[in-house]
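Asks: Can you keep this structure in mind? I'll have questions shortly.
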């Protein structure tokens, strides 16, 4: 009987974790189905796309270009930033976790497409944001 009492908190936590996982899994699936592809981008711009991910689903990343915070990007969102032509740097940030600086170049009459997101979307996410905060989020070429 004492053994059963010892496992009751663990059983409650696991059942809550499973319930929350099922709830957000269904919510993310509905969000993916409702997405519409955006084709209305201007020329000479940076197109930044953030995929839908279970990690940080309800939170936005801050977008930092050339050291200035120019906006936020939500899960599953695509944003267009008009920039002057030339070389620029970009990073995304959430809390104390910031991606490594990514250099890119805006050319005349060409659009630059980049992706951002979380590197860890499974059990590793519980530990890696504390161990390697610079590897938590990424920016890369589409």
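Residue numbers (the numbering used here): -1 to 140.
Heads up, the beta-carbon is just placed ideally off N, CA and C, and yes, glycines get one too.
Could you say which of 11, 86, 75 and 138 lies nearest to residue 26 if we only look at CA atoms?
Replies: 75
Asks: To the nearest whole angstrom, what separates the beta carbons of residue 49 and residue 113, a pair I think is in contact under 8 Å?
Replies: 7 Å
Asks: Please state if the CB of residue 80 and the CB of residue 43 are separated by a distance shorter than 9 Å.
Replies: Yes, the pair counts as a contact, with Cβ atoms nearer than the cut-off.
Asks: State the start and end residues of the unbroken beta strand (DSSP E) segment that holds residue 81.
Replies: Segment: none, residue 81 is in no beta strand (DSSP E) and carries neither H nor E.
Asks: Taking the continuous beta strand (DSSP E) assigned at residue 47, which residues delimit it?
Replies: 43 to 48
Asks: So, under 8 Å CB-CB, residue 117 and residue 135 are touching, yes? Tell me the CB distance rounded to an integer number of Å.
Replies: 7 Å
Asks: So what does residue 89 bridge to, in DSSP terms?
Replies: 62
Asks: What is the rounded straight-line gap between the Cα of residue 106 and the Cα of residue 13?
Replies: 55 Å
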